[in-house]
Amino acid sequence: MTAVLDEQPDPEDSAHTVASLWALRACELLCFFMFATALPWQQPAAWFSIIASMGVLRWWHVNRPAFRARPKAHRQRVYRIYMWVLMSFVGSSCYFLYVPDNVPILAVLVSYLLGNATLIAVRLTGDAVRTTIALCLAVLPTSVRLFVDGLGGNSLLALMGVGGFLMTI
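In the working numbering, the protein residues as written are 473 to 641.
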């Protein structure tokens, strides 16, 4: 009976479709264009290149027949590594996409992170460890930066940071 339960598919086994690959890259490209209006284009371009490259690499690797034939435990380990590395890069948006004192574009950044948090929660149901770590890697760096900047006098930024902390709880 354990073998049957062990071979149930991982939630990520069916999440890597061509449609999801293109949809996610299109959303990231949209973010690039939005942030390129407020930052030197090199910053959002570097961020987009890292995120898109990692996403395509993950999609290519996990869709190979040899990978799909691996045991569930191996696939889960690889999914965790890819997700955590990708979410670390998403969390790097606190460096690449942060525009100090521009609350409207910071609201766009927070919306992007909220979308990522939602995607993480939906795609990773059933794996609490993977979900928790991915959420923290994606959301906490920007939340900390918003909160610290908000302590300098802009209470709205501090509240945005607190909201990010609350998303990870």
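Where a beta carbon is used, it is the ideal one built from N, C-alpha and C, also for glycine.
In this structure, the beta-carbon distance from V582 to I523 does not fall below 8 Å.
Judged by pairs of C-beta atoms under 8 Å, the region 596-616 touches the region 547-567, as three or more such pairs exist.
Here W531 is actually not in contact with L501; their C-beta atoms are around 16 Å apart, not less than 8 Å. Straight across, the Cα-Cα distance linking D599 with A589 is about 14 Å.
Counting only residues of its own chain and dropping the five nearest sequence neighbours on each side, Y570 has a CB closer than 8 Å to the CB of L578, L581, T614 and R617.
The beta carbons of P576 and D621 sit no closer together than 8 Å. 8 Å or more divides the Cβ of M555 from the Cβ of A495.
Our two residues, F637 and H488, have alpha carbons roughly 29 Å apart in a direct line. In the three-state scheme derived from DSSP, where H, G and I count as helix and E and B as strand, T604 is classed as helix. For A510, the CB contacts under 7 Å within the same chain, skipping 5 residues up- and downstream, are V571, N574 and I577 in chain order.
Using a 10 angstroms sphere on the CB of F504, the tally of other CB atoms reaches 16 or more, which defines it as buried.
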